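Down below is the structure, laid out as structure tokens.
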Amino acid sequence: MAKKAIMSDAMFTVVRAPFGRWVLYRELIFNLTGVQADPAIIELIYKKERQAAESKGQVAFLKSGDYRRHWGAINANLLRQLDPSISQLEAQEIGEQIFSEVMFNPTNYLLQHELEDFILAAREKDYALYLATNQEVAGIKRILEYFQIRPYFKNIFVSDVIGFKKPDPRFFEHCIKATKCSPGHIAFLGNNPRNDMEGAAAGGISHRFLFDPDGEHLDTECAVSYIQIRSLLELFSHF
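Position one of the sequence shown corresponds to residue 19 (my numbering), numbered consecutively onward.
Right, dumping it as structure tokens:
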């Protein structure tokens, strides 16, 4: 039997914020600025700013720290719309603090429901597990060590190291090559239709599974097909 692998996103796929991303953002914004904001308003502004930032296209090559600065700028624009009295410089600094809290602080998260059973099922089928994340190494390392799940993943692919970020097909091509698996024998699991599903398709992965239990990306357009699953274990009914 040909070797098979499951490659998964990390944040909001393997780990989850107990009350969702937008409640987490509300708490972080209040703690760092004192600004009180409705999670629905935060979501609306954030998505608009993210779309504007990502419409600029792919960069030739990511330098270390670029991803932090990218998200810091999106968060800064969000903060300035919530409170115009915050200076641009201060907003960028706080925006990067929010990035650190979201991407580095494991106490903001719980393990995804059924993750332990998912890992056991993958082992029973002899599927290798990988993580592929837009992150910084220190952040994902801290998350995995805190939850003691690093040993279950054969390798961790991190945008800050690779030099490209999802959905850039070069990110996925790098990951696929490192697994030594045929793209047809890899399943990609993620919560973002654009970054994960379109990116995986562009990289040649045909088995694509969207797992977005919080419905965070219900309004995200996607140009490729995928299977939407309601639980992690549902993936094994298709792959």
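In this text, a Cβ means the ideal position worked out from N, Cα and C, and glycines have one as well.
Note that the structure is predicted; figures quoted are calculated from it, not measured.
Just to confirm the assignment, what range does the beta strand (DSSP E) spanning residue i have?
i, result
"A150", "146–151"
"A205", "204–208"
"V179", "From DSSP, V179 is part of no beta strand (DSSP E) but of the alpha helix (DSSP H) over 177–180."
"I24", "23–26"
"R226", "225–228"
Are the CB atoms of residue i and residue j nearer to each other than 7 Å?
i, j, result
"L228", "M215", "yes"
"H225", "F257", "yes"
"I137", "L96", "no"
"K22", "Y145", "yes"
"M121", "Q153", "yes"
"L149", "F171", "yes"
"D178", "S82", "yes"
Are there 16 or more other CB atoms within 10 angstroms of the CB of residue i, so buried, or fewer, so exposed?
i, result
"S105", "exposed"
"A35", "buried"
"A218", "buried"
"P102", "exposed"
"N49", "exposed"
"V41", "exposed"
Since residue i contacts residue j with CB under 8 Å, what's their CB separation in whole angstroms?
i, j, result
"S249", "E132", "6 Å"
"L147", "I24", "6 Å"
For the alpha helix (DSSP H) containing residue i, list its first residue and its last residue.
i, result
"Q166", "Per DSSP, Q166 belongs to no alpha helix (DSSP H) and is neither H nor E."
Jot down the residue ranges of each uninterrupted beta strand (DSSP E) in the segment 19–71, minimum 3 residues, whole runs only, in chain order. Taken in chain order, the whole beta strand (DSSP E) runs of length 3 or more contained in the segment 19–71 are 23–26.
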